[in-house]
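Residue numbers (the numbering used here), protein chains in the order written: chain X, 1 to 107; chain H, 108 to 214; chain Z, 215 to 321; chain Y, 322 to 428; chain R, 429 to 535. Beta carbons: idealized from backbone N, C-alpha and C, even for Gly. This one's a predicted model, so the numbers in the text were calculated from it and none came from an experiment. These notes concern the structure reproduced below.
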Amino acid sequence: MFLARITGSVISTQKVESMVGQKLLVVEPLRVSEKDQTELVGTGRSFIAVDTVGAGEGEVVLIVQGSSARFTPETKPLPVDCAIIGIIDSVHVKAKKIFDSKGEERS
Amino acid sequence: MFLARITGSVISTQKVESMVGQKLLVVEPLRVSEKDQTELVGTGRSFIAVDTVGAGEGEVVLIVQGSSARFTPETKPLPVDCAIIGIIDSVHVKAKKIFDSKGEERS
Amino acid sequence: MFLARITGSVISTQKVESMVGQKLLVVEPLRVSEKDQTELVGTGRSFIAVDTVGAGEGEVVLIVQGSSARFTPETKPLPVDCAIIGIIDSVHVKAKKIFDSKGEERS
Amino acid sequence: MFLARITGSVISTQKVESMVGQKLLVVEPLRVSEKDQTELVGTGRSFIAVDTVGAGEGEVVLIVQGSSARFTPETKPLPVDCAIIGIIDSVHVKAKKIFDSKGEERS
Amino acid sequence: MFLARITGSVISTQKVESMVGQKLLVVEPLRVSEKDQTELVGTGRSFIAVDTVGAGEGEVVLIVQGSSARFTPETKPLPVDCAIIGIIDSVHVKAKKIFDSKGEERS
């Protein structure tokens with residue numbers, strides 16, 4: 001799995017029937033900053049993920065890929081290889097809190 | 108999943124029997140532009156995807172990879188790891204519409 | 215899936231029993247040239263693929279990866295993650311033929 | 322599989338129900354140093370892995386990805402594509418011990 | 429699949445129970461040299477693979493990844509995504525032998 005920030009959404013009306021009603025979000029994978037490991041930074045890549053937890057734009061989420069993306073009640077029969085399975089509250093690296101969803105809302 | 112633009116097609120007469128009649132398209136994955144996130148840009152990579160939604164050259168589509176590419180009625184028994192499962196109408200990033208399939212047709 | 219050129223072959227006598235008799239080919243993935251998109255160019259990477267269609271060195275083929283490589287009658291029970299499932303006749307990009315297997319034989 | 326060092330952890334309260342109670346760790350993949358192959362070095366990438374062996378921050382572990390991450394008693398029904406399946410005691414490359422978990426604790 | 433050289437081994441005593449007794453080897457993927465395609469060269473990457481054919485350090489082997497790594501009698505129930513399924517005798521590229529396991533033993 002990896003962490004990602006939701007940056008947007010996608011609308012597709014002409015699609016595989018089983019995908020009707022599914023929320024499709026644009027996510028940018030994040031990684032821990034390489035030098036000092038004190039923050040989450042974007043990777044510049046773009047994936048489209050199906051949402052299973054009611055996540056919204058700007059939030060940092062947990063993403064699962066591949067066949068495992070179908071191992072939730074909502075995604076079981078779907079042709080999806082990327083699903084949001086959790087909203088991140090906080091990330092701790094080397095005994096330091098490097099991300100807090102509440103701190104972000106204030107700034 | 109990821110977004111891609113259909114740039115071409117492939118013809119193969121000598122192939123696995125189950126693939127006879129399948130439309131094989133050349134697609135270039137797209138990503139959101141890194142600096143300002145205001146457009147979709149090509150990645151320079153090339154994949155071959157099977158089409159399940161009647162997509163055509165020039166269109167921006169949603170691509171699913173891996174075993175999940177077999178989770179549509181058309182692709183279930185096929186040896187395919189990459190399928191087009193939707194045609195994209197629009198993409199919104201940071202509250203801005205960065206792609207609109209209609210805008211493209213006019214320009 | 216992706217396009218690749220068959221550049222060679224591999225011999226292994228000491229191997230998993232189910233693989234005895236399988237033809238193992240060296241393939242180099244190809245991509246559409248980035249600037250003008252008028253030719254197929256090598257990527258410099260090397261994969262080993264099992265052949266299911268009687269392909270030979272020098273030919274451009276269609277490759278499937280992952281669990282889907284087992285979705286052909288020949289590869290169903292095999293420990294393979296990369297199979298050749300078609301020989302490419304021609305590739306068209308932006309309304310231009312950028313590859314033709316017959317043109318290649320003449321040059 | 323690959324080797325990785327556990328660098329941190331992630332807290333997510335709003336998540337897929339089956340994931341409640343699962344320990345989610347931040348891991349950085351390691352590789353053997355390229356020139357002399359005498360040490361393990363970080364790759365700067367970040368993954369989130371579920372723990373099945375009671376591993377802790379700072380430890381070097383063995384990571385399995387994809388559908389195989391669900392092949393442990395704990396992870397079988399989970400939407401996970403990355404699991405810690407062993408804690409590494411030592412790594413030997415070219416007849417030399419390049420990592421020893423005990424040596425690390427002393428330094 | 430891809431070719432790799434076995435460069436070392438890994439010891440892990442605290443691990444998933446099904447993995448007890450499995451030999452874990454460090455492998456470096458190889459590719460055909462890009463310019464003249466006359467030799468196998470290292471890629472600098474490091475994977476951990478489970479051995480199913482009795483391979484040893486220094487040997488060049490055939491590696492299968494993903495769910496297909498579980499398609500051998502030994503690995504069927506294991507949480508592994510990377511297995512050695514053959515020891516390479518020779519590699520031929522563009523009608524030239526670019527690797528021979530016997531030539532290596534003499535040098």
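Item to complete: Please say whether I192/H and K161/X have beta carbons closer to each other than 8 Å?
Response: Since the displayed chain X opens at 1 and closes at 107, residue 161/X lies outside it and no answer follows.
Worksheet item: If you draw a straight line from the C-alpha of S321/Z to the C-alpha of S315/Z, how long is it?
Response: Taking the first residue of the third sequence as 1, we reach residue 321/Z at position 107. Taking the first residue of the third sequence as 1, we reach residue 315/Z at position 101. With a pLDDT of only 40 at S321/Z, under the threshold of 50, the placement of this residue in the model should not be trusted; the figure read from the coordinates follows. Our two residues, S321/Z and S315/Z, have alpha carbons roughly 10 Å apart in a direct line.
Fill in: Proximal chain R residues relative to F323/Y, where beta-carbon distance stays under 8 Å
Start at 1 with the first residue of the fourth sequence, and residue 323/Y comes out as number 2. Those within 8 Å of F323/Y in chain R are S474, F475, I476.
Worksheet item: Can you tell which of F323/Y, L399/Y, T328/Y has its C-alpha closest to the C-alpha of E39/X?
Response: Position 39 of the first sequence, counting from 1, holds the residue named residue 39/X. It is T328/Y whose Cα lies nearest to the Cα of E39/X.
Worksheet item: Is any beta-carbon of chain H found at less than 8 Å from that of P79/X?
Response: Numbered from 1 along the first sequence, position 79 holds the residue referred to as residue 79/X. True, the Cβ-Cβ gap to chain H drops below 8 Å.
Worksheet item: Does any residue of chain R bring its CB to less than 8 Å from the CB of T393/Y?
Response: Mapped onto the fourth sequence, residue 393/Y falls at position 72. Chain R contact via Cβ: present.
Worksheet entry | Boundaries of the beta strand (DSSP E) in which L345/Y is found, first to last residue | Translated into the one-based positions of the fourth sequence, residue 345/Y becomes position 24. For L345/Y, the uninterrupted beta strand (DSSP E) run begins and ends at 345 to 353, by DSSP.
Worksheet item: What span of residues does the beta strand (DSSP E) with I437/R cover, start to end?
Response: As a first step, residue 437/R is located in the fifth sequence; it is residue number 9 there, counting from the start. The identity of residue 437/R in the sequence shown is Ser, whereas the question assumes Ile. Segment 430 to 439, the beta strand (DSSP E) holding S437/R.
Discussion item. Can you pull the chain C neighbours of I327/Y, defined as C-beta to C-beta under 8 Å?
Written reply: This model lacks chain C altogether; the protein chains it does include are X, H, Z, Y and R.
Worksheet item: Is R326/Y closer than 8 Å to V371/Y when the C-beta atoms are compared?
Response: For this step, residue 371/Y is matched to residue 50 along the fourth sequence. For this step, residue 326/Y is matched to residue 5 along the fourth sequence. Taking the C-beta atoms as reference points, R326/Y is found no nearer than 8 Å to V371/Y.
Worksheet item: Quick one: what's L383/Y bridged to in DSSP?
Response: Translated into positions along the fourth sequence, residue 383/Y becomes position 62. Beta bridge pairing from DSSP links L383/Y with L324/Y, G407/Y.
Discussion item. Tell me the DSSP secondary structure of G210/H in three-state form.
Written reply: Here residue 210/H is taken as the residue at index 103 of the second sequence, counted from 1. For G210/H, the secondary structure class from DSSP, reduced to helix, strand or coil, is helix.
Worksheet entry | Length of the line joining the Cα atoms of L3/X and V117/H | The count along the first sequence starts at 1 and reaches residue 3/X at position 3. The count along the second sequence starts at 1 and reaches residue 117/H at position 10. One C-alpha to the other measures close to 36 Å.
Discussion item. Considering just the uninterrupted stretch of the beta strand (DSSP E) at V50/X, what are its terminal residues?
Written reply: For the purposes of this step, residue 50/X is taken as residue 50 along the first sequence, with counting starting at 1. For V50/X, the enclosing beta strand (DSSP E) covers residues 47 to 51.
Fill in: Neighbourhood of L137/H by C-beta, 8 Å cutoff - its chain only, sequence neighbours within 5 removed
Taking the first residue of the second sequence as position 1, residue 137/H is located at position 30. Same-chain partners within the cutoff: F109, L110, A111, R112, L147, V148, G149, T150, V167.
Worksheet item: Around the C-beta of D464/R, are 16 or more other C-beta atoms found within 10 angstroms, so that it is buried, or is it exposed?
Response: The count along the fifth sequence starts at 1 and reaches residue 464/R at position 36. So D464/R ends up on the exposed side.
Item to complete: Would you kindly work out how many angstroms separate the C-alpha atoms of S367/Y and A523/R, rounded to a whole number?
Response: Within the fourth sequence, residue 367/Y is the residue found at index 46, counting from 1. Within the fifth sequence, residue 523/R is the residue found at index 95, counting from 1. Cα to Cα, S367/Y sits roughly 42 Å from A523/R.
Worksheet item: Mind pulling the chain X residues with CB within less than 8 Å of T120/H?
Response: Start at 1 with the first residue of the second sequence, and residue 120/H comes out as number 13. Correct list: empty, because the minimum Cβ distance to chain X is about 28 Å.
Worksheet item: Quick one: Cα of T441/R to Cα of Q450/R, how far?
Response: Translated into positions along the fifth sequence, residue 441/R becomes position 13. Translated into positions along the fifth sequence, residue 450/R becomes position 22. For T441/R and Q450/R, the distance between alpha carbons rounds to 11 Å.
Worksheet item: Taking buried to mean at least 16 other C-beta atoms within 10 Å of its own C-beta, is E211/H buried or exposed?
Response: Position 104 of the second sequence, counted from the start, is the residue given in the question as residue 211/H. With fewer than 16 other Cβ atoms from the protein chains shown falling within 10 Å of its own Cβ, E211/H counts as exposed.
Worksheet item: Can you give the Cα-Cα distance for K204/H and V198/H, rounded to whole angstroms?
Response: The count along the second sequence starts at 1 and reaches residue 204/H at position 97. The count along the second sequence starts at 1 and reaches residue 198/H at position 91. Within the model, the alpha-carbon separation for K204/H versus V198/H is close to 6 Å.
Item to complete: Grab the span of the beta strand (DSSP E) containing L361/Y for me, first residue to last.
Response: In the fourth sequence, residue 361/Y corresponds to position 40, counting from 1. DSSP places L361/Y inside the beta strand (DSSP E), whose first and last residues are 361 to 363.
Item to complete: Can you pull the chain X residues whose beta carbon is under 7 Å from the beta carbon of T159/H, in chain order?
Response: As a working mapping, residue 159/H is identified with position 52 in the second sequence. The answer, in chain order, is V16.
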